[in-house]
Structures are given as C-alpha cells and as structure tokens.
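Chemist: Mind looking over this structure? Questions follow.
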Amino acid sequence: DQQVKQNSPSLSVQEGRISILNCDYTNSMFDYFLWYKKYPAEGPTFLISISSIKDKNEDGRFTVFLNKSAKHLSLHIVPSQPGDSAVYFCAASSLGGSEKLVFGKGTKLTVNP
Amino acid sequence: EAGVTQFPSHSVIEKGQTVTLRCDPISGHDNLYWYRRVMGKEIKFLLHFVKESKQDESGMPNNRFLAERTGGTYSTLKVQPAELEDSGVYFCASSQRQGLGSPLHFGNGTRLTVT
Chain A
1 DQQVKQNSPS LSVQEGRISI LNCDYTNSMF DYFLWYKKYP AEGPTFLISI SSIKDKNEDG
61 RFTVFLNKSA KHLSLHIVPS QPGDSAVYFC AASSLGGSEK LVFGKGTKLT VNP
Chain B
114 EAGVTQFPSH SVIEKGQTVT LRCDPISGHD NLYWYRRVMG KEIKFLLHFV KESKQDESGM
174 PNNRFLAERT GGTYSTLKVQ PAELEDSGVY FCASSQRQGL GSPLHFGNGT RLTVT
C-alpha cells in the first residue's frame, strides 16, 4: 500500500525548459512534504520542503506546489540544467518534520543539453 | 563539516551469515535514522534514534535486525542471520533536531548483497 506515489518513472526535458515532477499521496495525516535529489552511488540530498499550511514554496530555480484537496504536489525546476539530471524523490511525514519519512519510488530526470 | 559517513560502502555475504553496518552521523546531530531501499522499491524507514535511545523502531522488518547507538554517537545495524530479501541499500541519515527546518542529511549508503 503505497502512500506516496510518483507515477512517472522518468522524465526528459531540454536544457533551459521547465521540468515538472509530480507526486500524489493518500494519507491525509501528512503535514510536511519534501523533495530529495539523488545522484548514482550517493545518498539523497535535501532540495526543498513545504508545510501543509502553505501551498507554495520557492527556493531559487526550485518551486514546490501543494494542492491539499487533490493530495498532490509538484516540483518545478526553471530553467532546467544538465546538472539537474538525477532521481528525484518525493517524501512526506505526518509528524510535522522530517521524522519517519515516507518516500515515493522516485522519478529519473534527464536534462538534455 | 563532514557529512554522514557509512561503512562499508558494499558488502556481499552468503545467506545465514552476519553483517554489521556502521554509520557516523554529522557531529552534534542527536537524531539518527536508518532507511532501506530494496531493489525497485521505495526508500523505507527502519528506525530513529534520539541520542542513544530508540525513538521509533516501527520500521524494523523483524528480529534479525538489531540497531544500536551506544554513547549517542555512531550507530551500527546488524543483520543476523541474513536472508536473500535483506539485499538492498541501507541509508543512514542524521538531523540536528526534530521538527520543521531540520532536514535529514543522508550518507551514501551501504549496498548489501545476500547470495
């Protein structure tokens, strides 16, 4: 029973364009959401987060949008760069912070020069 | 600042053997977590230490897994005896405090292969 779903295993975009990664969740108790980026043979690296009391959080080229009614969040990367090529994991917690994160399976983003 | 370090990076053992994974968190981080990613599946929570105490071990799959954090510094995760389904990548993570604004910092993981 997957509580966090990333339905697109992969995404390919051109350099300079927008990358949109999507994530759906089923547990209405989740109150904190995070995106992690992972390069091969490395651990996940924190990218950006959003609390359930907000619907948008922005950090440089990265913006996360949260639609609580649809139980959906998305990560926008603008403009996309080849160095953004990695696996992106959506994660959620019902404890208000990063404790006991529930991860999605990840989406592999490829940014083509 | 040194990151979270895990040792070994790879381990190949036979079914029935014992393996011990080690994690050194970032200095000063009281919270230490173990996660596991089995091939093709999502990263799953195993347990959470606050200093030397187990805050939450609800993700531990069975009693073949034993985690310790003596002295509240480094942690070990022992699998005894190992089974084929234990193969995967074991990640350790640490954070300075709980709650908002304190994201997890992950190590590079230990890839365990049980043959």
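Quick note, the sequences are listed as chains A and B, same order.
Letter by letter, the first sequence follows residues 1 to 113 of the numbering used here.
Letter by letter, the second sequence follows residues 114 to 228 of the numbering used here.
Cβ coordinates follow ideal geometry from the N, Cα and C atoms, glycine included.
For B:Leu217 and chain A, any beta-carbon pair shorter than 9 Å?
Modeler: It does; some Cβ of chain A falls within 9 Å.
Chemist: Between the Cα of B:Glu165 and those of B:Arg150, B:Gly184, B:Phe158, B:Arg177, spot the shortest distance and give me the residue it belongs to.
Modeler: When C-alpha distances from B:Glu165 are compared across B:Arg150, B:Gly184, B:Phe158, B:Arg177, the shortest belongs to B:Gly184.
Chemist: When DSSP labels each residue in this structure, what does A:Glu42 get in the three-state scheme?
Modeler: coil
Chemist: Measure the C-alpha to C-alpha separation of A:Lys108 and A:Tyr39 and round it to an integer number of angstroms.
Modeler: 10 Å
Chemist: Around the Cβ of B:Leu213, are there at least 16 other Cβ atoms within 10 angstroms (buried) or fewer (exposed)?
Modeler: exposed
Chemist: Looking at the strands, I want to know which residues DSSP matches up with A:Ile20.
Modeler: Looking at the DSSP assignment, A:Ile20 forms a beta bridge with A:His76.
Chemist: Mind pulling the chain B residues with CB within less than 8 Å of A:Ser51?
Modeler: Leu213
Chemist: I'd like to know if the stretch 189-206 of chain B and the stretch 124-134 of chain B are in contact, where contact means that at least 3 CB-CB pairs between them fall below 8 Å.
Modeler: yes
Chemist: In terms of residues, what are the limits of the beta strand (DSSP E) holding A:Asp31?
Modeler: DSSP places A:Asp31 outside any beta strand (DSSP E), giving it a letter other than H or E.
Chemist: Using a beta-carbon distance below 9 Å, is B:His142 in contact with chain A?
Modeler: no
Chemist: Any idea if B:Asn144 is buried or exposed, counting beta-carbon neighbours within 10 angstroms, 16 or more meaning buried?
Modeler: buried
Chemist: Might you give, ordered along the chain, the residues of its own chain that have their beta carbon closer than 7 Å to the beta carbon of A:Pro9, omitting 5 neighbours on each side?
Modeler: Thr107, Lys108
Chemist: Is any heavy atom in the ligand SAH found nearer than 8 Å to the beta carbon of A:Asn22?
Modeler: The ligand SAH is absent from the structure shown, which contains no ligands of any kind.
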